[in-house]
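Visitor:
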Amino acid sequence: MPMYFSVTQEGTLSTEARAHVAREVTRIHTTATGAPTKWVHVIFQTYPPGSGFSDGVAGPAATLIGYLRSGRAAELKSKLVQDLWPMYRDATGLTDADIVVALQDVPPSQAMEMGFVLPELGQD
Amino acid sequence: MPMYFSVTQEGTLSTEARAHVAREVTRIHTTATGAPTKWVHVIFQTYPPGSGFSDGVAGPAATLIGYLRSGRAAELKSKLVQDLWPMYRDATGLTDADIVVALQDVPPSQAMEMGFVLPELGQD
Amino acid sequence: MPMYFSVTQEGTLSTEARAHVAREVTRIHTTATGAPTKWVHVIFQTYPPGSGFSDGVAGPAATLIGYLRSGRAAELKSKLVQDLWPMYRDATGLTDADIVVALQDVPPSQAMEMGFVLPELGQD
Numbered sequence: 000m001p002m003y004f005s006v007t008q009e010g011t012l013s014t015e016a017r018a019h020v021a022r023e024v025t026r027i028h029t030t031a032t033g034a035p036t037k038w039v040h041v042i043f044q045t046y047p048p049g050s051g052f053s054d055g056v057a058g059p060a061a062t063l064i065g066y067l068r069s070g071r072a073a074e075l076k077s078k079l080v081q082d083l084w085p086m087y088r089d090a091t092g093l094t095d096a097d098i099v100v101a102l103q104d105v106p107p108s109q110a111m112e113m114g115f116v117l118p119e120l121g122q123d
Numbered sequence: 000m001p002m003y004f005s006v007t008q009e010g011t012l013s014t015e016a017r018a019h020v021a022r023e024v025t026r027i028h029t030t031a032t033g034a035p036t037k038w039v040h041v042i043f044q045t046y047p048p049g050s051g052f053s054d055g056v057a058g059p060a061a062t063l064i065g066y067l068r069s070g071r072a073a074e075l076k077s078k079l080v081q082d083l084w085p086m087y088r089d090a091t092g093l094t095d096a097d098i099v100v101a102l103q104d105v106p107p108s109q110a111m112e113m114g115f116v117l118p119e120l121g122q123d
Numbered sequence: 000m001p002m003y004f005s006v007t008q009e010g011t012l013s014t015e016a017r018a019h020v021a022r023e024v025t026r027i028h029t030t031a032t033g034a035p036t037k038w039v040h041v042i043f044q045t046y047p048p049g050s051g052f053s054d055g056v057a058g059p060a061a062t063l064i065g066y067l068r069s070g071r072a073a074e075l076k077s078k079l080v081q082d083l084w085p086m087y088r089d090a091t092g093l094t095d096a097d098i099v100v101a102l103q104d105v106p107p108s109q110a111m112e113m114g115f116v117l118p119e120l121g122q123d
């Protein structure tokens, strides 16, 4: 953790763009949280045209959802999504109307990384 | 937001069925919540046969999970999943035993849409 | 519910390995929680090489995320992820550095299974 999932229509992110987004998510997340970069995972999933919809109409809806340890301040998480947004919009080349960026909190006691249950924030 | 993900076995939902489900999710969600249709995104993902399991046995497990702003009344969300269920079951042609429908709350302060951090409910 | 999603790089889990993991997730979850096996769903998703990243570098990042009814004791959920971890690591053949296992709570009132809104824990 964090574990980020990017879901886009096929063709939205090239191999180079995925590598760029992965590096940027890693940089932005660790800058905001102070977490070591080695904890950051990013997985890119795609769907074929005709499988994404916004406002009931087929289109290149894209989302970046990050699962992170619960306990971070709301202000930090707001800042984090605001830093991720322009990077993700520019990398995908999509408009603001097609993108959702969100963070989901996971209680540390019910997540494992590197073979260990995550410690509470401030206890690692 | 909301952002809905449908995950089904390949072949479960045709192109026409996906468009139908997307329109119905949009209609049902906005009817229940009063949200504008333009905020509703739906993405369909599939997996090949042999990659879905219920009760430990391979089969066409299907799920519809929606991420929405936290703060909605429990009764509204219960009504929403109950309205989504028969539509999704009929569209997929699956039995009740193969389907899961669930909603996940996301604090507005840690989600962005249309370029902006989401306002708290009642403050848009 | 529970609904588990495994996401791995293509080629990580063979057909046999997916069936094994599905049976083991079903066994481990029901042993820990007392839930009937028929409620357990597992879906396996894959991504092509070059679409998974750890520490900003492309690699076979793998995750097992389970959505379950909220209300379980933290100790039970910690035990559950600890039981899932070695099984998933061994089945994928990956190292501890490539894997994330996590549980997400879903309030029963906003989830449906078998055609019914889930009862609160202790009320089924």
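Protein sequences appear in the order of chains W, C and D. If you read the first sequence in numbering that gives the first Met the number 0, its first letter stands for residue 0, the second for the next number, and so on. If you read the second sequence in numbering that gives the first Met the number 0, its first letter stands for residue 0, the second for the next number, and so on. If you read the third sequence in numbering that gives the first Met the number 0, its first letter stands for residue 0, the second for the next number, and so on. Glycine included, each C-beta is placed from N, C-alpha and C at the ideal position. Here the structure is a predicted model, which means the values were calculated and not measured.
Could you tell me if M113 (chain D) is buried or exposed, where buried requires 16 or more neighbouring beta carbons within 10 angstroms of its beta carbon?
Guide: With fewer than 16 other Cβ atoms within 10 Å, it is exposed.
Visitor: Against chain D, with Cβ distances strictly below 8 Å, would Q109 (chain W) count as a contact?
Guide: Yes, contact with chain D.
Visitor: List the residues that DSSP assigns as beta-bridge partners of V20 (chain C).
Guide: DSSP, once it has assigned bridges, lists no residue as partnering V20 (chain C).
Visitor: If I'm right that Q81 (chain D) touches V116 (chain W) with Cβ under 8 Å, what's the distance once you round it to whole angstroms?
Guide: That belief holds up - the Cβ atoms of Q81 (chain D) and V116 (chain W) are roughly 6 Å apart, short of 8 Å.
Visitor: Can you pull out the residues from the region 32-50 of chain D whose beta carbon lies closer than 9 Å to at least one beta carbon of chain C?
Guide: Correct list: P35, T36, K37, W38, V39, H40, V41, I42, F43, Q44 and T45.
Visitor: Do you know how far the Cα of Q8 (chain D) is from the Cα of P59 (chain W)?
Guide: If you take the alpha carbons of P59 (chain W) and Q8 (chain D), they lie about 23 Å apart.
Visitor: In angstroms, rounded to a whole number, what distance separates the CA positions of G70 (chain D) and E119 (chain D)?
Guide: Near 8 Å, if we compare the C-alpha coordinates of E119 (chain D) and G70 (chain D).
Visitor: Near L63 (chain D), what residues of its chain come up, given a Cβ to Cβ distance below 7 Å and the 5 sequence neighbours on each side ignored?
Guide: Within the same chain, L63 (chain D) has close Cβ partners Y3, S5, L83, Y87 and V100.
Visitor: Return the bridge partner residues of S5 (chain C) from the DSSP annotation.
Guide: S5 (chain C) is bridged to C:F43 and C:L63.
Visitor: Under the rule that 16 or more other beta-carbon atoms within 10 Å means buried, what is P85 (chain D), buried or exposed?
Guide: Exposed is the call here.
Visitor: With S53 (chain C) as the anchor, note down where its alpha helix (DSSP H) starts and where it stops.
Guide: Looking at the DSSP string, S53 (chain C) is not in any alpha helix (DSSP H); the run it does join, the beta strand (DSSP E), is G51 to S53.
Visitor: Which residues in the same chain as T29 (chain W) place their Cβ atom closer than 6 Å to its Cβ, once the five residues preceding and following it in sequence are excluded?
Guide: The answer, listed in chain order, is T36.
Visitor: Check the DSSP bridge columns for M111 (chain D) and list the partner residues they point to.
Guide: C:V100 and D:V116, per the DSSP bridge assignment.
Visitor: Going along the chain, which residues of its own chain have a beta-carbon closer than 6 Å to the beta-carbon of V24 (chain D), five neighbours each way excluded?
Guide: Contacts found: Y3 and V41.
Visitor: Anything in the region 74-93 of chain D with a Cβ closer than 8 Å to a Cβ of chain C? List those residues in chain order, please.
Guide: Of all residues in the region 74-93 of chain D, none has a Cβ within less than 8 Å of some Cβ in chain C.
Visitor: I want to see whether chain W comes within less than 8 Å of V6 (chain D), judged by CB atoms only; does it?
Guide: Chain W contact via Cβ: present.
Visitor: Which residues in chain W have a C-beta closer than 7 Å to the C-beta of R22 (chain C)? List them in chain order.
Guide: Near R22 (chain C) (Cβ distances below 7 Å), the residues of chain W are G55.
Visitor: In this structure, does DSSP put R68 (chain D) in helix, strand or coil?
Guide: Of the three classes helix, strand and coil, the one that applies to R68 (chain D) here is strand, per DSSP.
Visitor: Would you identify the three-state DSSP class for A57 (chain D), choosing helix, strand or coil?
Guide: It is a strand residue.
Visitor: Below 8 Å on the Cβ atoms is my guess for K78 (chain D) versus A16 (chain D); work out the distance and round it to an integer in Å.
Guide: Incorrect: roughly 24 Å between the Cβ atoms, too far for contact.
Visitor: Which residue or residues does DSSP assign as beta-bridge partners of V80 (chain W)?
Guide: V80 (chain W) is not bridged to any residue.
Visitor: Check whether the Cβ atoms of L12 (chain W) and F43 (chain W) lie closer than 8 Å to each other.
Guide: Cβ distance < 8 Å, so L12 (chain W) and F43 (chain W) count as in contact.
Visitor: Check the Cβ-Cβ distances between L102 (chain W) and every residue of chain C, and say whether any is below 8 Å.
Guide: Yes, its Cβ sits closer than 8 Å to a Cβ of chain C.
Visitor: Among residues of its own chain, excluding the 5 on either side of M111 (chain D), which ones have a beta-carbon nearer than 8 Å to its beta-carbon?
Guide: Counting only Cβ-Cβ distances below 8 Å, and skipping sequence neighbours, we find L117.
Visitor: Would you kindly check if the distance between the Cβ of A73 (chain W) and the Cβ of S50 (chain C) is under 8 Å?
Guide: No, the pair does not count as a contact, with Cβ atoms beyond the cut-off.
Visitor: For chain D, is any of its Cβ atoms less than 8 Å away from the one on E112 (chain W)?
Guide: True, the Cβ-Cβ gap to chain D drops below 8 Å.
Visitor: Let me make sure I understand the geometry here. Which of D:R68, D:K76 and D:D95 has the alpha-carbon closest to that of Q122 (chain D)?
Guide: It is D:R68.
Visitor: Anything in chain W within Cβ reach of A129 (chain C), meaning under 7 Å, just list it in chain order.
Guide: In the structure as shown, chain C starts at 0 and stops at 123, and residue 129 (chain C) therefore has no counterpart that could be examined.
Visitor: Please report how far the alpha carbon of H19 (chain D) lies from the alpha carbon of T94 (chain W), in whole angstroms.
Guide: Computed Cα separation, rounded: 43 Å.
Visitor: Using only alpha-carbon positions, find the residue among C:P1, C:A21 and C:P106 that is nearest to A57 (chain W).
Guide: Of the candidates C:P1, C:A21 and C:P106, the one whose C-alpha sits nearest the C-alpha of A57 (chain W) is C:A21.
Visitor: Can you pull the chain D residues whose beta carbon is under 7 Å from the beta carbon of V105 (chain W), in chain order?
Guide: The answer, in chain order, is A101 and Q103.
Visitor: Would T30 (chain D) pass as an interface residue toward chain C - the criterion being a Cβ-Cβ separation below 8 Å?
Guide: So no, T30 (chain D) is outside the interface.
Visitor: Quick one: does T62 (chain C) have its CB under 8 Å from some CB of chain D?
Guide: By this cut-off, T62 (chain C) is an interface position.
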